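Undergrad: Sending over a structure as structure tokens; questions will come in a sec.
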Amino acid sequence: MSKNRDDRMVVLASEPAPAVQRTLRHPIGCVGVGRHSGARVALTLHPAPAGSGISFRRTDRAGALPVPAAARHLVPSEHAFVLVGEDGSRIASVEHVLAALALTGIHNALIELNGPEVPAMDGSAQPFVFLIECAGVASQDVLCASRPCIVDAVEVRRGTAWARLAPAEQPSLVSTVTLPELGSLTHRVALRPEALRHELAAARHSASLADIVAGQERGLWRGVSARNTVLFDGPTPTNEEGLRCADEPARHGNLLALAALGLLGGQPGGLPAVELVTEEAGCGLLAELLRRALALPARPAAEVPAEALPVREPLGARTS
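The working numbering numbers the first residue of the sequence shown as 64 and each following residue consecutively.
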């Protein structure tokens, strides 16, 4: 692929997504252990006003400001999406709760937590999806903001890992991962609410048990266990449940990609009409992809090709 392409991204303020914004009907919370820090953290999902978007706030920091869930607040981190606010508030491992909000069509929410990291729960987005279902979803009678439009391809590579974001008539996520225990796995899913929720919500982190033990001896992965990660000791998972599906690690790659797309817009709207293809790409590479997309020059709306315009309903457009 040529590296000299004129890769661009643009947000069309004149093209509102054909759906109303949604928030939670009631607050709801949970308590769990952070995957990286091992800290026990209480998290509460709150309704938020129309137009406010998704944001996080540390309740253990006096006077802490909300941190918007937007790519511009990402800081370099290889193994999690980490957001840092203007006042220095740091929130790690936001990927699963952000994916759950996308899967349930929530545009506006305030997420409060009394520690540095979102609880891992079972290692997937499903517990957060369950919480949102229990809290209920409320329509807000305000149209979604314009969705980000990818005009040309954006690609990043690091060794054998790579990620590519490009406009697509049939928006989708494609993830390929290779594990010594399972070989090469690929999962593709359309950017449609029913497909995404059915195929991605329950996908968990996976790792080699030996790698986790070695990391914990160095003070890393303090909260990782068989309760929140599929741990392989040879070809067999040590978890009593085993794999939830044969390609679960690849599905989890697409769950991370979905969270990345949610960070791209940074305002209440839908997902862009794109194909996001990843191979061996974790949060660090996806964050680099988002930073590159945001750094590209915007093109005036009049110059955007018709095929790049968003024509699909945003995720969560169907209200109940």
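C-beta atoms are modelled at their ideal positions from N, C-alpha and C, and glycine is treated no differently. Remember, it's a predicted structure, so these values are computed and weren't measured experimentally.
Using only the alpha-carbon positions, how far apart do residue 225 and residue 342 sit?
TA: Distance between the alpha carbons of residue 225 and residue 342 is about 5 Å.
Undergrad: Taking the C-alpha atoms as reference points, what is the distance between residue 231 and residue 261?
TA: Looking at the two C-alpha atoms, the distance is approximately 22 Å.
Undergrad: Buried or exposed: residue 82, going by 16 or more other Cβ atoms within 10 Å of its Cβ?
TA: Looking at its Cβ environment, which holds 16 or more other Cβ atoms inside 10 Å, residue 82 is buried.
Undergrad: Look up residue 200 in the DSSP assignment and say whether it is helix, strand or coil.
TA: Strand at residue 200.
Undergrad: Straight-line CA distance for residue 274 to residue 280?
TA: Rounded to whole angstroms, residue 274 to residue 280 spans 10 Å at the Cα level.
Undergrad: Give the straight-line distance between the Cα atoms of residue 198 and residue 124, rounded to the nearest whole angstrom.
TA: Approximately 26 Å between the Cα atoms of the pair.
Undergrad: Does residue 312 come out as helix, strand or coil in the three-state DSSP assignment?
TA: DSSP places residue 312 in helix when its eight states are reduced to three.
Undergrad: Return the first residue and the last residue of the alpha helix (DSSP H) that residue 163 is part of.
TA: Counting along the chain, the alpha helix (DSSP H) containing residue 163 begins and ends at 158-166.
Undergrad: Does the Cβ-Cβ distance between residue 238 and residue 317 come in under 9 Å?
TA: Cβ distance < 9 Å, so residue 238 and residue 317 count as in contact.
Undergrad: Look up residue 276 in the DSSP assignment and say whether it is helix, strand or coil.
TA: Note: residue 276 maps to helix in three-state DSSP.
Undergrad: Express the C-alpha separation of residue 350 and residue 136 in angstroms, rounding to a whole number.
TA: So the two alpha carbons sit approximately 10 Å from each other.
Undergrad: Would you tell me roughly how many angstroms separate the C-alpha atoms of residue 321 and residue 344, rounded to the nearest one?
TA: C-alpha separation (whole angstroms): 13 Å.
Undergrad: Would you call residue 233 buried or exposed, if buried means 16 or more other Cβ atoms sit within 10 Å of its Cβ?
TA: Its Cβ having fewer than 16 others within 10 Å, residue 233 is exposed.
Undergrad: Less than 9 Å between the beta carbons of residue 352 and residue 263, yes or no?
TA: In this structure, residue 263 does not lie closer than 9 Å to residue 352 by Cβ.
Undergrad: Please state if the CB of residue 99 and the CB of residue 175 are separated by a distance shorter than 9 Å.
TA: For residue 175 and residue 99, no; Cβs fall outside 9 Å.
Undergrad: Determine the direct distance from the alpha carbon of residue 203 to that of residue 143, and round the result to whole angstroms.
TA: Approximately 31 Å, taken between the alpha carbons.
Undergrad: Under 7 Å Cβ to Cβ from residue 240, same chain only, skipping five residues before and after it: list those, please.
TA: These residues qualify, in order along the chain: 248, 312, 313, 316 and 343.
Undergrad: Determine the DSSP secondary structure at residue 233, reduced to helix, strand or coil.
TA: Residue 233: coil per DSSP, three-state reduction.
Undergrad: Quick one: grab the DSSP three-state call for residue 287.
TA: Reduced to three states, the DSSP call for residue 287 is coil.
Undergrad: Cβ atoms of residue 170 and residue 116: under 9 Å apart, would you say?
TA: The answer is yes: Cβ separation under 9 Å.
Undergrad: Please classify residue 85: is it buried, with 16 or more other beta-carbons within 10 angstroms of its beta-carbon, or exposed?
TA: Per the 10 Å Cβ criterion, buried.
Undergrad: Grab the span of the beta strand (DSSP E) containing residue 121 for me, first residue to last.
TA: First-last of the beta strand (DSSP E) with residue 121: 117-121.
Undergrad: Note down, in chain order, each residue of its chain lying with its Cβ closer than 6 Å to the Cβ of residue 250, except the 5 sequence neighbours on either side.
TA: For residue 250, where only same-chain residues beyond five positions count, the Cβ hits under 6 Å are 238, 310, 313, 314 and 317.
Undergrad: Tell me whether residue 368 sits in a helix, a strand or coil according to DSSP, three-state version.
TA: Note that residue 368 scores a pLDDT of 46, beneath 50, so its modelled location is shaky; the value from the coordinates is reported in the next line. Residue state, collapsed to three classes: coil.
Undergrad: For the alpha helix (DSSP H) holding residue 346, just list the boundary residues, first then last.
TA: 346-358 is the span of the alpha helix (DSSP H), which, as asked, contains residue 346.
Undergrad: Let me confirm a value: residue 126 is counted as buried when at least 16 other C-beta atoms fall within 10 Å, else exposed. Which label applies?
TA: Under this definition residue 126 is an exposed residue.
Undergrad: Could you have a look at residue 124 and say whether DSSP puts it in helix, strand or coil?
TA: Residue 124 falls in the coil class under three-state DSSP.
Undergrad: Could you tell me if residue 298 is buried or exposed, where buried requires 16 or more neighbouring beta carbons within 10 angstroms of its beta carbon?
TA: Residue 298 comes out exposed.
Undergrad: If you run the structure through DSSP and keep just helix, strand and coil, what is residue 336?
TA: DSSP places residue 336 in coil when its eight states are reduced to three.
Undergrad: Taking DSSP as the reference, what is the three-state secondary structure of residue 71?
TA: Residue placement at residue 71 is flagged as unreliable, the pLDDT there being 41, under the threshold of 50; the coordinate-derived value follows with that caveat. Coil, per DSSP.
Undergrad: Let's test the definition: count the other Cβ atoms within 10 Å of the Cβ of residue 286 and tell me whether it reaches 16, buried, or not, exposed.
TA: With 16 or more other Cβ atoms within 10 Å, it is buried.
Undergrad: What is the residue span of the alpha helix (DSSP H) that residue 50 lies within?
TA: Beyond the ends of the chain as shown, which are 64 and 383, falls residue 50; an answer cannot be given.
Undergrad: Need the endpoints of the beta strand (DSSP E) that residue 139 sits in, please.
TA: Per DSSP, residue 139 belongs to no beta strand (DSSP E) and is neither H nor E.
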